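In this note's numbering, the protein residues as written are 92 to 400. For glycine and all other residues, C-beta sits at the position ideal for the given N, C-alpha and C. Values in this document were obtained by computation on a predicted structure and should not be read as measured data.
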């Protein structure tokens, strides 16, 4: 399988750098920007398409794209026989269960609540990795994880809606929390496989294994969907969400896990609400509260601490 250029450390064992930032840092910042805008874009698309129909289409398109990309790079889908159970488990958790919980949960709660729940990703990643003996997290990484999550709490608390979990959004909040746990498990369980498969090949395999059962569940929604009422905005949202938020972002995420580890990759996800704030200001003219600026600064401080060598 051909490797993605730049997806391996140099001979010193450290990532290649652009000045003070490594290639991995720069790419992960790009993922954060894509995911930060993705919340608003998905919300808009779900106004025109049923959640399961939307997710079914974007994962079908993403799977086909990954398969074409793998073949175009001269790769194959051969797998060591003993890896099939873990591959199937990773695909089921990360591409079937997670996506159902995430898309339905997002549709039933506020974007700020989703950001808060997803802010627990680094915490869950570190705890699961520690429990399974896959990755030991240093004290300064723990400090950066907790600091960045505190920043997410400040950002959410400073929003116009404030931080009020429960009530009419309780189901959505719980679904998003469960989705976060699934994503963390997906990240940690993938790490051992990345020693044998490239990020692109691993994504293709797990996505194909996870998309098949997801499509079986989404078929009724796909058949019932009235596609004539979907506007250009909905189709562009689908294009953005599958090509950038899934295909490109997943490749970068796996590459980062392979190079710098689970916990230090996961902590970047806490920058997503910072970008979501900027997106809301740019796209909808929302006013940002002082507490949100403070929260953004705290998140950035946590990310900086996580990059310590």
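Q. How far does the alpha helix (DSSP H) with residue 116 in it reach, from first residue to last?
A. Boundaries of the alpha helix (DSSP H) around residue 116: 114-137.
Q) Expressed to the nearest angstrom, what Euclidean distance is found between the alpha-carbon atoms of residue 389 and residue 134? A) The alpha-carbon separation between residue 389 and residue 134 amounts to approximately 27 angstroms.
Q) Using the beta-carbon count (16 or more within 10 Å), is residue 138 buried or exposed? A) The residue is exposed, with fewer than 16 neighbouring Cβ atoms inside 10 Å.
**Q.** Spatial neighbours of residue 365 in its chain, beta-carbon cut-off 6 angstroms, leaving aside the 5 residues before and after
**A.** Cβ within range, chain order: 387 and 390.
Q: Would you kindly work out how many angstroms separate the C-alpha atoms of residue 115 and residue 342, rounded to a whole number?
A: If you take the alpha carbons of residue 115 and residue 342, they lie about 11 angstroms apart.
Q: Classify residue 140 as helix, strand or coil using the three-state DSSP reduction.
A: Secondary structure at residue 140: coil, using DSSP grouped into helix, strand and coil.
**Q.** Inter-residue CB distance, residue 182 and residue 301 (contact presumed, cutoff 8 angstroms)
**A.** About 4 angstroms separates the beta carbons of residue 182 and residue 301, which is inside the 8 angstroms limit, making them a contact pair.
Q. Hey, quick one: how far does the alpha helix (DSSP H) through residue 298 stretch, first residue to last?
A. Note, residue 298: alpha helix (DSSP H), 290-315.
Q: Return the chain-ordered list of same chain residues with a C-beta closer than 6 angstroms to the C-beta of residue 356, the five sequence neighbours on each side being excluded.
A: Same-chain partners within the cutoff: 347 and 348.
Q: Please confirm whether residue 195 and residue 354 have their CB atoms less than 7 angstroms apart.
A: Not in contact: residue 195 and residue 354 (Cβ atoms no closer than 7 angstroms).
Q. Under the three-state reduction of DSSP, which class applies to residue 162: helix, strand or coil?
A. Of the three classes helix, strand and coil, the one that applies to residue 162 here is helix, per DSSP.
(Q) For residue 288 and residue 218, what's the separation of their Cα atoms in angstroms? (A) Their backbone Cα atoms lie some 25 angstroms apart in a straight line.
Q. Below 7 angstroms between beta carbons: does that hold for residue 192 and residue 266?
A. Yes, they are a contact pair.
Q | Sequence-distant residues of its chain with Cβ nearer than 7 angstroms to residue 126 (five each side left out) | A | So the list reads 336, 340 and 363, once near-sequence residues are dropped.
Q: Confirm, please, whether the CB-CB distance from residue 293 to residue 284 is below 7 angstroms.
A: Yes, they are a contact pair.
Q. Which residues mark the beginning and the end of the alpha helix (DSSP H) in which residue 177 is found?
A. Where residue 177 is concerned, the enclosing alpha helix (DSSP H) stretches over 175-182.
**Q.** Inter-stretch contact at 8 angstroms, needing at least 3 Cβ pairs: the segment 311-325 / the segment 157-168
**A.** With a cut-off of 8 angstroms, the segment 157-168 and the segment 311-325 do not count as touching, because too few Cβ pairs lie within range.
(Q) Can you tell me whether residue 211 is helix, strand or coil according to DSSP? (A) In the structure shown, residue 211 sits in coil (DSSP, three-state: anything other than H, G, I, E or B).
(Q) Mapping the DSSP letters down to three states, classify residue 167 as helix, strand or coil. (A) In the structure shown, residue 167 sits in coil (DSSP, three-state: anything other than H, G, I, E or B).
Q | CB contact flag (residue 373, residue 235, <7 angstroms) | A | In this structure, residue 235 does not lie closer than 7 angstroms to residue 373 by Cβ.
Q.
Can you find the residues in the same chain that come closer than 6 angstroms, C-beta to C-beta, to residue 280, ignoring five residues on each side of it along the sequence?
A. Excluding sequence neighbours, residue 280 sits near 181.
Q) Is residue 305 near residue 156, with beta carbons less than 7 angstroms apart? A) No Cβ-Cβ contact shorter than 7 angstroms links residue 305 with residue 156.
Q: Please report how far the alpha carbon of residue 230 lies from the alpha carbon of residue 327, in whole angstroms.
A: The straight-line gap from Cα to Cα measures roughly 43 angstroms.
Q | residue 210, buried or exposed, once every other Cβ within 10 Å from all chains shown has been counted against 16 | A | By the beta-carbon neighbour count (other beta carbons within 10 angstroms, threshold 16), residue 210 is buried.
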